[in-house]
Amino acid sequence: MKSSKPSFFKASRYLLIALPLLFLAPITFTIGLKALKLDGKYALLILGSLLALAAIIITAVGVIKLTNYIFDRDK
7 MKSSKPSFFK ASRYLLIALP LLFLAPITFT IGLKALKLDG KYALLILGSL
57 LALAAIIITA VGVIKLTNYI FDRDK
């Protein structure tokens, strides 16, 4: 039967997935702002915003899973 106890590796996996997004999102957003100013194209700006939103959500899920692992009181 599958254990419902949170694992440190599951939590750290979310944080490791979010790490590159935390660097790529502001870079893409900045490039998108410059592209908007020069060409009027919104594609990179929208992509940067979506990457930032994904980074925030994945980081929050990872932190929640990590705190569940640290403060698990069931066992």
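Offset between the sequence shown (1-based) and our numbering: plus 6.
All residues carry an ideal CB built from backbone N, CA and C; glycine is no exception.
Taking the beta carbon of residue 54 as the centre, do at least 16 other beta carbons fall within 10 Å, making it buried, or is it exposed? buried
On the criterion of 16 or more Cβ atoms from any shown chain inside 10 Å, does residue 33 qualify as buried, or is it exposed? exposed
For residue 74, which residues from the same chain have a beta carbon less than 6 Å from its beta carbon, with the 5 sequence-adjacent residues on both sides left out? 12
Going along the chain, which residues of its own chain have a beta-carbon closer than 7 Å to the beta-carbon of residue 57, five neighbours each way excluded? 27, 30, 31, 34
Would a C-beta distance cut-off of 7 Å place residue 71 and residue 17 closer than the cut-off? yes
Is it true that the CB of residue 68 sits closer than 7 Å to the CB of residue 51? Taking 7 Å as the cut-off, the Cβ atoms of residue 51 and residue 68 do not count as close.
Where residue 63 and residue 15 are concerned, what is the direct C-alpha to C-alpha distance, given to the nearest angstrom? 18 Å
Taking only the alpha-carbon atoms, compute the straight-line gap between residue 41 and residue 60 and give it to the nearest angstrom. Answer to the nearest angstrom: the Cα atoms are 22 Å apart.
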